[in-house]
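Notes to accompany the following structure.
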Amino acid sequence: MTDSMATTSTARRPPGHEEFLTLVRKYRAPQADLFDPANRIFITRAPGRLDLMGGNDDYTGGMVFEATIREGTWAAVQPRSDAKIVLVNPQMAEQGWHDRVEFSLAELAEEAHVRALANRDPQVRWTAYVLGLFHWLVRFRPRHARHGATVLIWSDVPLNKGVSSSAAVEVAVMKAAAAAYGCELAGIELAEACQWVENVIAESACGIMDQIAVTLGDEGHVLPLVCQPCLPRPLVRLPRGLVCWGIDSGVRHQVSGVEYEAARAAAFMGYKMICRREQVAITFDSASGIPRYTDPRWNGYLANLAPPEFRALEHELPESISGAEFTASWGEHVDPFTPVRAEVDYQVRANTRYAVEENFRVCTFVELAHGMGAGYTNDGARRMGELMYQSHAAYSECGLGCRQTDLLVELARREGLAHGIFGAKITGGGGGGTVAILARDDADAAFDRILAGYREATKIEPYVFHGSSMGADRFGVLVEP
């Protein structure tokens with residue numbers, strides 16, 4: 004293992020670097036009874052991400068445009084001589100949860116048993132992601148994962164804000180654990196492993212955009228990604244003179260929430276209806292690492308329908324259908340990660356339209372950013388902002404809106420071009436969370452008025468995301484001798 008201290012030296016050290024090293028050394032002291040002072044510790048970091056465009060079209064194969072944030076999750080992993088997995092996260096005590104949990108490696112061999120372990124007590128539910136990572140290593144890297152490990156986690160990525168706190172934990176811990184076991188993971192392989200854990204063990208129906216963004220992202224850049232299943236494009240800088248801010252609405256966002264689940268399921272309902280209408284056969288893709296269904300025309304991705312092609316078929320889709328009616332009329336649901344609930348009404352037409360048209364919006368947004376690389380133009384930035392407002396409106400049509408995020412977007416719209424605010428939209432899975440704002444880099448006064456207006460209307464003190472940091476691969480693995 005190469006000591007990658009140089010990767011994170013001087014100006015490239017991300018926020019929290021020295022603080023986490025101090026914490027590691029504190030837990031390495033003999034009285035802490037955690038790390039062995041004589042053995043090496045492998046340290047990694049993954050940031051959260053801000054979904055500038057796209058976000059809810061990753062599971063339908065669309066393009067997304069993802070920035071990292073300054074906040075990140077740190078992980079330190081040390082191999083053990085026994086078969087224990089010891090997890091320590093001192094911040095969990097603040098939530099009223101257990102901050103130190105121990106398991107045996109043998110307990111992590113079976114998929115169903117790992118899920119049961121994480122769910123046996125609400126105070127250890129936070130371990131689901133981490134236990135899933137070690138289960139993945141035991142299952143898919145058995146020659147390496149033959150002994151226990153001690154894991155220390157610390158994060159300043161806020162929970163349930165729609166900035167991917169879960170992916171930051173997954174990627175940071177997995178990268179450090181793989182390095183400690185001598186089977187390094189990076190890039191797409193790392194992101195896909197972490198997505199598998201979130202889908203299969205944590206039972207959260209996420210696409211891959213979060214994991215790949217926090218893996219491949221970099222400070223000052225945005226990552227375009229075609230989610231078919233994971234085709235990253237070269238990093239892009241926003242046009243000079245533009246910045247992106249994030250404002251947390253204070254409304255907790257959860258990818259496992261019923262709104263997100265229903266929106267995703269509705270899109271796959273629409274996909275099945277279109278395939279049947281066009282007599283396109285759907286088959287289960289048994290070769291895929293992440294279970295999914297496919298077809299010979301669109302390869303299983305709604306994003307591969309061109310907008311005119313979809314518009315010709317749109318009238319065939321119901322605006323709404325109950326889960327019971329769908330099951331009776333259409334049979335098998337072709338998404339392995341969302342159930343069809345008999346009592347839920349699914350907005351099929353709006354969610355299918357979103358999958359097709361959001362992909363077009365994101366592709367256009369990315370091309371505009373490319374085209375203005377040397378410096379923004381008012382006309383180009385205005386069009387980028389219009390695409391963001393369209394995207395936000397489409398979220399509401401999908402049932403993913405939220406009064407507080409709508410208010411933030413409206414406050415941004417009121418400031419408008421005259422004050423340097425070009426666009427705004429809800430991010431991630433919707434239903435709360437964070438709003439991204441595209442603005443001129445001297446629009447601080449307008450931004451402050453947006454914050455003040457929101458604070459006055461809601462009595463909520465909003466958290467602001469500003470700035471970015473390197474992704475997990477660019478940070479590398481720091482070895483503490």
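Residue numbers (the working numbering): 4 to 484. Glycine included, every Cβ here is placed at the ideal spot set by N, Cα and C.
**Asked** Is the distance from the Cβ of V337 to the Cβ of Y296 below 7 Å?
**Response** yes
**Chain-order list of residues whose beta-carbon lies under 7 Å from that of E317 (same chain, five-residue window excluded)** = R352 and R356
**Request:** Along the alpha helix (DSSP H) that carries D451, what are the first and last residues, could you check?
**Result:** Its alpha helix (DSSP H) spans residues D447 to T461.
**Asked** Taking C-alpha atoms, which residue in L90, V166, G51 and R43 lies nearest to P82?
**Response** R43
**Request:** Would you check if the distance between the CB atom of N92 and the CB atom of I46 is smaller than 7 Å?
**Result:** no
**Message:** Within 10 Å of its beta-carbon, does D59 have 16 or more other beta-carbons around it, so buried, or fewer, so exposed?
**Reply:** In the sequence as presented, Asp is not what sits at residue 59; that position holds Asn. Buried: at least 16 other Cβ atoms inside 10 Å.
**Message:** Check whether chain B comes within 7 Å of V347, counting only Cβ atoms and requiring the distance to be less than that.
**Reply:** Here chain B cannot be found, since the structure has a single protein chain.
**Asked** What first and last residue would you give for the alpha helix (DSSP H) that runs through M272?
**Response** V261 to R280
**Message:** On the DSSP letters alone, give me the boundaries of the alpha helix (DSSP H) that L316 sits inside.
**Reply:** P310 to L316
**Reduced DSSP secondary structure (H/G/I, E/B, other) of S399** = helix
**Message:** Using the three-state DSSP reduction, which class does M375 fall into: helix, strand or coil?
**Reply:** coil
**Request:** Report all residues from its chain with a CB closer than 7 Å to the CB of N362; omit the five preceding and five following residues, and keep chain order.
**Result:** D60, G65, M66 and A306
**Prompt:** Just curious, the alpha helix (DSSP H) that K29 is in, first and last residue?
**Reply:** H20 to R31
**Request:** Pick out the complete alpha helix (DSSP H) segments inside the stretch 71-149, 4 residues or longer, and give them in chain order.
**Result:** With a minimum length of 4 residues, the unbroken runs of alpha helix (DSSP H) contained wholly in the stretch 71-149 fall at 114-122 and 131-143.
**For Y349: DSSP bridge partner residues** = According to DSSP, which records beta bridges pairwise, Y349 is partnered with I324.
**Message:** So, for A112: in the same chain, excluding its five sequence neighbours on each side, which residues have a beta-carbon less than 8 Å away from its beta-carbon?
**Reply:** H138, V141 and R142
**Request:** With distances taken Cα to Cα, identify the nearest neighbour of E192 among L234, G334 and A208.
**Result:** L234
**Item:** G479 versus P33, S207, L188 and L53, residue with shortest Cα-Cα distance
**Value:** Answer by Cα proximity: L188.
**Prompt:** Taking C-beta to C-beta, are A131 and A121 nearer than 7 Å?
**Reply:** yes
**Request:** Quick one: grab the DSSP three-state call for G51.
**Result:** strand
**Short Cβ contact (7 Å threshold) for F23 with R31** = no
**Prompt:** Does DSSP put H469 in a helix, in a strand, or in coil?
**Reply:** strand
**Cβ distance (whole Å) where S252 is taken to contact C405 below 8 Å** = About 7 Å separates the beta carbons of S252 and C405, which is inside the 8 Å limit, making them a contact pair.
**Asked** Which two residues bound the contiguous beta strand (DSSP E) that contains E483?
**Response** L481 to E483
**Message:** The beta strand (DSSP E) that contains S158, what's its start and end?
**Reply:** A152 to S158
**Prompt:** Hey, quick one: how far does the beta strand (DSSP E) through L414 stretch, first residue to last?
**Reply:** Segment R406 to E418 is the alpha helix (DSSP H) holding L414; no beta strand (DSSP E) there.
**Asked** Taking one C-beta from the stretch 191-211 and one from the stretch 170-180 each time, how about it: are there three or more such pairs within less than 8 Å?
**Response** yes
**Message:** Could you give the first and the last residue of the continuous beta strand (DSSP E) run that contains A208?
**Reply:** Unbroken run through A208: none, as it is neither H nor E.
**Item:** A175 and V80 closer than 7 Å at C-beta
**Value:** The answer is no: Cβ separation not under 7 Å.
**Message:** So the candidates are E346, Q407 and R386; which of them puts its Cα closest to the Cα of R364?
**Reply:** R386
**Message:** Can you tell me where the alpha helix (DSSP H) holding D60 begins and where it ends?
**Reply:** Following the DSSP letters along the chain, one finds D60 in no alpha helix (DSSP H), marked with neither H nor E.
**Prompt:** At a cut of 8 Å, does the stretch 444-454 reach the stretch 423-430 through at least three beta carbon pairs?
**Reply:** yes
**Request:** Helix, strand or coil for K301, going by three-state DSSP, please let me know.
**Result:** Position check: residue 301 holds Trp in this sequence, whereas Lys was assumed. Looking at W301 - three-state DSSP - the assignment turns out to be coil, as it is neither helix nor strand.
**Asked** Would T76 pass as a contact of S471 if the rule is Cβ separation under 7 Å?
**Response** Not closer than 7 Å, so no.
**Request:** Between the Cα of Y398 and those of G433, A372, N381 and A455, spot the shortest distance and give me the residue it belongs to.
**Result:** G433
**Prompt:** With DSSP run on the structure shown, which of helix, strand or coil describes E464?
**Reply:** coil
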